[in-house]
Amino acid sequence: MSRIAKGATPVQILVTGFALIVLVSAILLAMPFSSTRHVFQPFVDCVFMTASAISTTGLVVADIGKDYTLFGQLVMLIVIQIGGIGYMCFLPLVVGSLLRGQMSISSRMILRESMARPTWLDMVKFARVIVVSTVVIETIGAAILAWHWSATMPLDAAIYAGVWHSINAFCTAGMSIWSDNMMRIGTLIVPNLALILLELAGGIGFFVLYDIARQSKKMVRGIHPHQITTHSRLALTVTGIVVGIGTVVVLLTEWPHSSLSAGGTILTAAFQAVSAETTTGFNSVDIAAMSAPAIFMLIVLMFIGASPNSTGGGIKTTTLGVMVAGLWAVLKGREDITMFRRRIPYKVLHSAFSLTLAAGLWCTIVIGLMLLIEPATFVQIVFEVVSAFGNVGLSMGITNSLSEMSRLLLSATMFFGRLGPLAIGFSLIGRSDAPLHRFAEEEVYVG
Amino acid sequence: MPFRRANVLHPDSPPTSTLPAWMETMMTTLTGLLVAYFLTYHGLLIHLPLQLGVVARWLDGFLVVLLAVEILPLYRNRRIWRQSWYQNWFDTVLLAAALAANLLHGWGGVFVFLRQVVHHGRHEALGRFVDALARRPIALLAASFAALAVAGTGLLLLPAATTDGQGLSLVNAFFTAASAACVTGLTVIDIGSVLTQFGQTVVLVLFQLGGIGIMTFYAGLASALGVRLTIAQRKSLTMTVEQPRGFELAHTLRYVLILTIIAELTGTALLYPRMAEKFATTDEALFASAFHAISAFCNAGFGLFADNLVGFQADWLVNLTIIGLIVLGGIGFSVAHEIITRRSLRRSPRATWRGITTHSRLALTATGILILIATLAFFLFEHFNALAGLPIGTKVLASVFQAVTPRTAGFNTVSLASLQPVTIICWVLLMFIGASPGGTGGGIKTTTAAVLLLSVRSQFRGRDDVEYGGRTIPKVTVFRAAAVLVLSALALLIAFGTLLMTEKQPFADLLFETASAFGTVGLSTGITPLLTAAGKLVLTVLMYVGRIGPLTFVLAMRARERTSPVAYPTAQIMVG
C-alpha cells in the first residue's frame, strides 16, 4: 500500500479507489444473476446505481426491491457501507503511508494541526473507533426497526428490512427496498425517530462522535479538561440551527395544506428536514407534492449537507459555519475570525469559500446542461442536481425518465459531491509546490 | 502654474463668490420660493393667478442674471482663467444650464436652486462629506438613497405625474421611484404611456442622480482612504502635504461629471436621428434621445417604449450607441480615468495596457470575458428560440446586446418572455455578478467574482497567495470579496424564498426577477406588473440592498478595521 501510495497524492488514491469500486460493482450488477429478470442490464444504469451507492446518494433508476435479486441487493448494500465509512478507514492508511514515508517530526506536527485529527499513532485507533461505532449504532438501529416491523411482516423479512434501512440511514444513502421509499412509515413515532437519530449520528461525523465519547468518558471519571473541540461544537451548533430552521420553514409552508394531524405534520416536517440536511434522502411524503417554498428550503438544506468526516455530503455544516463567522468578523470590523473563544485560521476560511464557490459553479453548469437536454421543469432539475451533488437522493420524480447523458452527468455530480469537498479538505495537507517568490501586493476594489 | 493651482485651495484662497452675504441669503430664499411655485403649478395642476406666472418668469430671469453677476466676475483676470475654471467649473456649468433652461422653458431657477444647495464652500463641504463617510459610511449611503427614493415617491404621487391625472398608487410610486433611484429599471407600469413628461422627467432625474450618486460614493471612498487613482494623476496634481481632504474628491468628481455629460450628450446626439423617426415633435424626440442615453449610461434600463428596445433590434446605430454607453457607465470611473485620457489617446493601446493599474486590468479582462461568453451562450442557446427567424447579422448584434445588458443596464432588444431555461440560469448568474466597481452598475461586481475565482484557482494549485498579472492580491481583499459574496447570496436567497411564498409565478421567472432586482438590472420575463403588493415591496427592498449593500459592506469594513485587544488561541476546523 505504502509503495503504491508513495507517488500519488491522497486525492488521487481516493479517486482511483472509488472509481475502481464503482466499476467492479457496476459489472457485478450488470450480470444476469443480479437481475430478477435474469438478463444483462444496461451498463449506464448500473454505473448510475453504484455511483449513487458509493457516494451514499440514493438516487435510483431501478426499483431495488423488485428489479434486483438478493445478490444484487447485497452488492448494493456493501457498496453503500464502503461508501459510508470507506474513506474514513482509508484515511489512516493514506496519511499513515505519507507519514511513514517522507514526513519529518515537524511535518507531523503541522499535519496534526491542519487535520484537527489525532496523530498517526492514533489513526489506527481512530479507524477502529469508526468501525466499532458503525457496527454498534447500525446494530441498535436495525434491532429497533426490525422489532417495529416484525409486528406487520414475517420475522426474517422484518430483520432484513431493519438491517437494510438501518445501514442506509446511518450511511445517509437513503435507498429503500420498497418502491415507495419510506412513505409507508407515515407518522409512526418509532421508525420516524429511529431513522432521524440514525441519520443524525451518521451525518454528524465520526470525529464528533469520537470526541463526544472520549470527553464524556472523561467527564464520568471526573478528569479535567473534558471540553469537546471547537470543531465538534461548531458542527453540533450549525447542525442544530440548520435542522431547526429547516423544520420550521417546512412546517410553516406545509401547515396550511397538510391533511395530517398536528403532531404528525411536525414529525413529518422534522423527518424531511433531517433527511435533507444529513443528505440521507428518505422521504415519508411525496416530495413533488410539496409547496414551492418548502422545496426551495429542502434545496438549501441539501446543498449545505452534513458535517465533515461523516457519511453525508454537501458543502458541510462547518463550511457554512466558518463562512458565517467570517462574515460576522467583517461586520464587526474584527481582524480575527473567532468562534467559541477560538481563532479560526485564514486558510480555513479560504478553503471554505473556495469549496462553496466550486460547488456552486459545478451545480450551475450541470443544471444548465440538463436544462438543455431534458424536458423537465426548472425546479425539478435544480432539485435533482443539488440532490445528486449533496449525495442526498431525494427526487421530485424525474430520475427514471432521464436520458443516458443526464444519468452520466448526475453520476459525475454524485462523484464530485462526494470527493470534491474532501479533495479541498485534503489540499490543506502537504503543499509541495509552493513557489519560491511572491509578487508585490496591489489593491483591487471589490463590492 | 501648478504651484498656483494647488495654492488656490489653501484656506486663504480668494473667495468663490463676489456677492455680499445678504444677497446670497436672498438668492437662496427666492429660489426656494420659485421651486415651491413650480411644484404647486406643474405638479399639483392647481390653477394659480396668471399674474403669478408672469412674476415667476421674471423672477427666474432675475435669478439667472444674479447668478451670472456672481460667477462671471471670477473670470475677469484672464491670466488665471484656467485656475478660475478649475475652482468654479461646477457653478459655471450650472450657470450655462440655468441660462438654457430659462430661455427654453423659464425654469432656470431649478439649476440656481441646485447651485445654492451645494454652494457653501465646496471643498469644505466635500471635506465634510469625506469625513462623514469615514465615520458613518452606512448611515450616509443608506440615508441618501432612501431620501432620493422617498422624494421621488412624493413627486410621482402628484396628479401631474400620470397621463390619467390621478397620480400613481403609493406602492407603484414607491416601486418606480426606488427602481429609478437605485438605477434598476424594473417597472410595474409602462413609463412611456402611463407617465406624463413631468413624471418621466422625475424618473430621469432620479436615475441620473442615483447613477452619479453611486459614483460619488465610490470617489468619496477612494478619497476617504487617501487612495490616489494613479501615479500619473498624482504627478499632474502636484500634491502638497497639507492638501485639504476634499481637494482630490473635487478633482475626481469633476472627471466623473465631465465624463457623464460628454457621454450622455454624445449618446443623445447619436440616438436623435432614430428617435426623430418615432416621435412627432423635435422636443419629444430630443427628450426621448436624452432619456435613453442617460438611462443607458446610468445602467438604469428605463425606456419609453412598451417593448423596451425590441423595436430597434436590427438598428446598428442604436444598438452600438447603447452598448457603448452601458459599458462606459459600468466599467467604473477609475478605469475610465486611466484609459480615456489625453495621454492614452497618444499612446498605443499596448502601452496603455501596461501602464494601468492591476484593478483596471482585472476589471477590463473580467468584463471582456463575461461579454464574450455571454454572447456565445445567447447565440447558441437562443438560435432556434428567441432569435429564430432573424438574419444572421441581427442575430449576432442581438446576442452582443443581450450579453452586455446584464452589466446591470436592463435594456433588451429580444423578448425575454420565452427564453430557454438554460439561458435564464446563465443570465441570473451574469446579473448577480453585474458591473465593475466605481461605475453606475450593480451586482457583486466583476472584480469581486474575478478575485474569488482566482482564489479558488490558487486553492486548487495549493498556493497561499492569490495572484493576478504578476501581482499578489492582498488577503484582506480576498476576504472582503468573500464577505460580499456570502452576504449577497444570503440576501438573494432570503428574498427569493419570500417571493416563493407571496407569488404564484413560475420558479425560473421569480429567480430571474430576484437576481434582476438584486443586481439593479431591470430585465424581466414580464412578471413585474403581475406581482402582489407584498412581492413589490420585497423587490423594492432587494433593489435597495443590491444598490447600497456591497458598497456599504466594503465601506464598513474599511472604516472599522481594527485589531481586537484579545487574541484567542487558534483552533482547527475541518471543512469539506
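So the protein lines, in turn, are chains A and B. Each residue of the first sequence is one higher than the one before, starting from 221 at the first, in this note's numbering. Each residue of the second sequence is one higher than the one before, starting from 16 at the first, in this note's numbering. All C-beta atoms, glycine included, are put in the ideal place defined by N, C-alpha and C.
Residue-level contact check: A/Leu589 touches chain B, since one or more beta carbons of chain B fall below 9 Å from its beta carbon. When secondary structure is reduced to three states using DSSP, A/Ile564 falls in the strand class. Going by DSSP, B/Tyr483 is part of no alpha helix (DSSP H) but of the beta strand (DSSP E) stretching over Val481 to Tyr483. Against chain A, the CB of B/Leu405 has no partner CB under 9 Å away; the residue lies outside that interface.
Per DSSP, the continuous alpha helix (DSSP H) segment holding A/Arg441 begins and ends at Phe426 to Arg441. In the three-state reduction of the DSSP assignment, A/Met559 falls in the strand class, which pools E and B.
Of the candidates B/Thr461, B/Val411 and B/Thr267, B/Val411 places its Cα closest to the Cα of B/Ala392.
Judged by pairs of C-beta atoms under 8 Å, the stretch 235-247 of chain A does not touch the stretch 360-376 of chain A, as fewer than three such pairs exist. Contact between the stretch 440-456 of chain B and the stretch 612-628 of chain A is absent: fewer than 3 CB-CB pairs across the two stretches fall below 8 Å. Look at B/Val342: its C-beta is not under 9 Å from any C-beta on chain A. If you draw a 10 Å sphere on the C-beta of B/Gly344, you find 16 or more other C-beta atoms in it, and that means buried. Using a Cβ-Cβ cut-off of 9 Å, A/Tyr380 does not count as an interface residue toward chain B, since no Cβ of chain B sits closer than that to its own. Assignment of A/Tyr288 by DSSP, reduced to helix, strand and coil, places it in the strand class.
Residues of chain B whose Cβ lies closer than 9 Å to the Cβ of A/Ala496 do not exist, since the nearest Cβ in that chain is about 15 Å away.
Annotated as distal: B/Leu324 and B/Phe306, with beta-carbon spacing of 9 Å or more. In the same chain as A/Ala250, and ignoring 5 residues on each side of it, the C-beta atoms closer than 7 Å to its own belong to Phe260, Gln261, Phe263 and Cys266, in chain order. Look at B/Gly512: its C-beta is under 9 Å from a C-beta on chain A. Annotation: B/Ile337 is outside any beta strand (DSSP E); the continuous alpha helix (DSSP H) that includes it extends over Trp331 to Gly345. Scanning its chain for C-beta atoms nearer than 7 Å, with the 5 sequence neighbours on each side dropped, one finds around A/Thr488 the residues Thr407, Leu480, Ser504 and Val505, in chain order. Scanning chain A for C-beta atoms nearer than 7 Å to the C-beta of B/Ile440 yields Thr584, Ile587, Gly588 and Leu591, reported in chain order.
In this structure, B/Phe533 and B/Gly561 form a Cβ contact; the two beta carbons are roughly 4 Å apart against a cut-off of 8 Å. A distance below 9 Å separates the beta carbons of B/Leu514 and B/Thr529.
Under the Cβ criterion of 9 Å, A/Ala508 is not counted among the residues facing chain B. The three-state reading of DSSP puts B/Ala265 in helix, counting H, G and I together. Between A/Leu279 and A/Ser574 a beta carbon distance of about 26 Å is seen, past the 8 Å cut, so the two are scored as non-contacting.
The DSSP-derived three-state label of B/Thr177 is strand. Counting along the chain, B/Thr487 sits inside the beta strand (DSSP E) bounded by residues Arg486 to Ile488. Selection A/Ala421, A/Ile298, A/Gly425 and A/Ile448 evaluated against A/Arg434 yields A/Ile448 as nearest (Cα-Cα). Residues Ile557 and Leu569 of the same chain have their beta carbon placed closer than 7 Å to that of A/Gly546, with the five preceding and five following residues left out of the count. Excluding residues up to 5 positions away in sequence, Leu469, Ser470, Ser473, Ile488 and Val493 lie with their Cβ nearer than 6 Å to the Cβ of B/Val481 in the same chain.
Residues of chain A with a Cβ closer than 8 Å to the Cβ of B/Phe189 do not exist, since the nearest Cβ in that chain sits about 25 Å away.
DSSP places A/Leu518 within a helical segment (H, G or I) once states are collapsed to three. The stretch 395-410 of chain B makes no contact with the stretch 362-372 of chain B: fewer than 3 CB pairs, one atom from each, lie closer than 8 Å.
In this structure, the beta-carbon distance from A/Thr473 to A/Met517 falls below 9 Å. Secondary structure at B/Thr390: helix, using DSSP grouped into helix, strand and coil. When the five nearest sequence neighbours on each side are left out, the beta carbons in the same chain lying within less than 6 Å of the beta carbon of B/Ala465 are those of Leu377 and Ala381, in order along the chain.
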